Each structure stands twice: as C-alpha cells, then as structure tokens.
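Structure first, then comments.
Dropping the structure here:
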C-alpha cells in the first residue's frame, strides 16, 4: 500500500496506531516512508486564492459585457474603456476644471 494523497498524515497515524498491520505487510514501512508526498497547506491556500481571483475577473468581464449591451442605446458622453465604465448622465468635467482654475 502506498498512499497517493493524505490529509494531515492520517495514513501514517493509522499505521502507527495499528502496528499489527506491518506483520501482514512486511515491506510497507519502507514503502510508506519512500512514497510520502507532503501536503503543503500554504501552497494549497495560495492556489485556491488565485483560482478565486481568476474566476472573479471572468465574472467581472461578463458583467461588464452585459452592462455595456444594456446601456449601449443610451450612451452619450459616458466614458467606456477596458478598465473603466462610467455611465453618468451629467459631465462635471467643465465645472471641475473651471473651479480648479479659479484657485
């Protein structure tokens, strides 16, 4: 027997608590130690985080596509770029520039 995957050394704990198994599997102690594959929780958490971020980015692109299609007929002076969507009916750019130029 050689474990391919084990969580928190459950297989080794079982063997340690049931030493009688080694009588029936004489070479198992050598094989168990040589086939031990470490499970890195930190790496698994990082991988899960990256997968979740990737999925969120895909959902954001999908939402942006639907929002753009929904608003396409009403777009006038709104800003539409790959990383920015602003569907505001009033453009305050001239007011803000006028206010800032007074100072």
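Numbering (the working numbering), first residue to last: 829 to 931. In this text, a Cβ means the ideal position worked out from N, Cα and C, and glycines have one as well. These numbers were taken from a predicted model, which means no experiment stands behind them.
Identify the continuous alpha helix (DSSP H) that holds residue i and give its terminal residues.
i: residue 894; result: 869-899
i: residue 843; result: 838-845
i: residue 921; result: 921-930
i: residue 850; result: 849-852
Using only alpha-carbon positions, find the residue among the options that is nearest to residue i.
i: residue 912; options: 923, 920, 896; result: 896
i: residue 918; options: 928, 903, 848; result: 903
i: residue 909; options: 893, 850, 923; result: 893
Might you give, ordered along the chain, the residues of its own chain that have their beta carbon closer than 6 Å to the beta carbon of residue i, omitting 5 neighbours on each side?
i: residue 905; result: 919
Taking only the alpha-carbon atoms, compute the straight-line gap between residue i and residue j and give it to the nearest angstrom.
i: residue 921; j: residue 875; result: 43 Å
i: residue 837; j: residue 890; result: 42 Å
i: residue 872; j: residue 881; result: 14 Å
i: residue 888; j: residue 925; result: 32 Å
Would the C-beta of residue i count as close to the ligand FAD, meaning under 7 Å from any of its heavy atoms?
i: residue 925; result: Here there are no bound small molecules, and the ligand FAD is not part of this structure.
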